[in-house]
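As structure tokens, the structure follows; a few thoughts come after it.
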Amino acid sequence: MNVTLFGYPRTGKTTLFNLLAGAHATVHAYDDGKREPNVRAVPLPDPRLDRIAAAYPEKRRVAAALDLTDLVGISFGDVKASLFLGHLRKADGLVHVARGFVNEEVPPARDRVDPAADVQGMEEELVLADLVLVDGRLERLEKDLKKMKDPEGEKERDLLVRLRPALESGRSLRALEMTPAEEKLVRSFAFLTLKPLLHFINIDEKDLASIRAPEGLFPALGAGRRVLAFCGRIESDLAELEEAERRTFMAEYGLAEMSAPLFARQAAAFLGRITFYTVGKDEVRAWTVRRDAPAAEAAAAIHSDIARGFIRAEVIPAEDLFRHGTLHQAKEAGAVRLEGKDYVVQDGDVVYFRFAA
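In terms of the working numbering, the sequence shown has 370 at position 238, counting the first letter as 1, and numbering is strictly consecutive.
This is the structure:
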């Protein structure tokens, strides 16, 4: 899973990156002329994995991880031409960081603090970037189809022609219904407005009481958006403290939890992923796969050879496994099911794949 943090300059993107990744990247990259993104793999906390691994203390515990990328601030109106457009298109999910704090020492890039306007503006920029992509592809397709008939090219052209009016009217492609065949066809385009999008607002210290309800602070955000908030200034200070001292100050500030564990818990669901588990010879491991993925696709997430030689999947929900203790005990009790390659893997499944080498 790859999530990319992006936004306008001086919003606190790198501060959020440091909080989520436990990193110490410099927070003045934009002003210093830095262009390279910050990248860090972040293991996701997983209580179910902890319980499964506890039954196999001799095996290594391997958590699912999130690849977090932090882009340098993108100038207003520059998403479609940004040097980092490729990073945005490669991401599984996008986190837009908006500025909701006042700091005279760090003036806002757009001469005002208005996170709702920044959210709206950035969404419009993502739409425009996709429209530019559609227009460019349609232009090339029309030229190619005049030279040679191509049924697949015609299908692609017809779909893009259908998608274009939505983008021209300022709507994201997320709002359109597509058939499975159409979804497969557009996957290679990596449209930005088809990706899961979360807005993370960096709020003022005075607004801490509303940190878990940012919609109340900024009603102009409207409904239908995924929105979270953090207070970069306070949370950065708290992150440097020992656990006991941190808990004391969090209580004084009225903070139930930091942004990092909150985001980590929601990451898989935000990306439309579920988590399944395997108990192998040497390790107990968590894997993520898209929601509604069949067993063959889950097998491929582990290794293409397993998917290629798939015979069957032995499946038990984690909660059932906890009641029996170990996979061996669950099998003896007849609690493990046999499933074929079309079985839709469920969140929390513990799976053993049988395959022909």
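Cβ atoms here follow ideal geometry from the backbone N, Cα and C, with glycine treated the same way. As the structure is a computational prediction, the values presented were derived from the model and not from experiment.
Here the alpha carbon of R193 sits roughly 19 Å from the alpha carbon of D199. Take the alpha-carbon of V171 and the one of L148: they are about 13 Å apart. Cβ-Cβ separation between A396 and P247: approximately 23 Å, too far for a contact (criterion under 8 Å). Per DSSP, the continuous alpha helix (DSSP H) segment holding R378 begins and ends at 375–385. Bounds of the beta strand (DSSP E) holding A230 are 225–232. The DSSP-derived three-state label of T420 is strand.
Under the three-state reduction of DSSP output, L324 falls in the helix class. Taken through DSSP and simplified to helix, strand or coil, H160 comes out as coil.
As the crow flies, the alpha-carbon of M382 is around 39 Å from that of I448.
The C-beta of A388 has fewer than 16 other C-beta atoms within 10 Å across all chains shown, which makes the residue exposed. Your pair L317 and L340 does not check out as a contact, with CB atoms roughly 46 Å apart and the cut at 8 Å. Listed in chain order, the non-local C-beta contacts of R221 below 6 Å within the same chain comprise A322, local neighbours out to five positions each way being set aside. Three or more beta-carbon pairs separated by less than 8 Å link the stretch 394–412 to the stretch 461–481, which places the two stretches in contact. If you ignore the 5 residues before and after R378, its C-beta comes within less than 6 Å of the C-beta of L370, all in its own chain and listed in chain order. R306 counts as exposed, since fewer than 16 other beta carbons sit within 10 angstroms of its beta carbon. Beta-bridge annotation (DSSP): E471 is paired with A445. About 22 Å separates the beta carbon of E471 from that of A400, a gap too long to meet the 8 Å contact definition. One thing to note: A223 has its Cβ within 8 Å of the Cβ of V135.
In the DSSP assignment, H331 falls within the unbroken beta strand (DSSP E) covering 329–335. Contact annotation: L353 and V251 have beta-carbon atoms nearer than 8 Å. Proximity to E415 across N150, T146, A186 peaks at A186, based on C-alpha coordinates.
Two segments are said to touch when three or more pairs of C-beta atoms, one from each, lie closer than 8 Å; by this definition the stretch 237–244 does not touch the stretch 331–346. Judged by DSSP in its simplified three-state form, L308 adopts coil rather than helix or strand.
Rounded to whole angstroms, the gap between the alpha carbons of D437 and G218 is 30 Å. By the C-beta density criterion, R142 is buried, having at least 16 other C-beta atoms within 10 angstroms. If you draw a 10 Å sphere on the C-beta of R167, you find fewer than 16 other C-beta atoms in it, and that means exposed.
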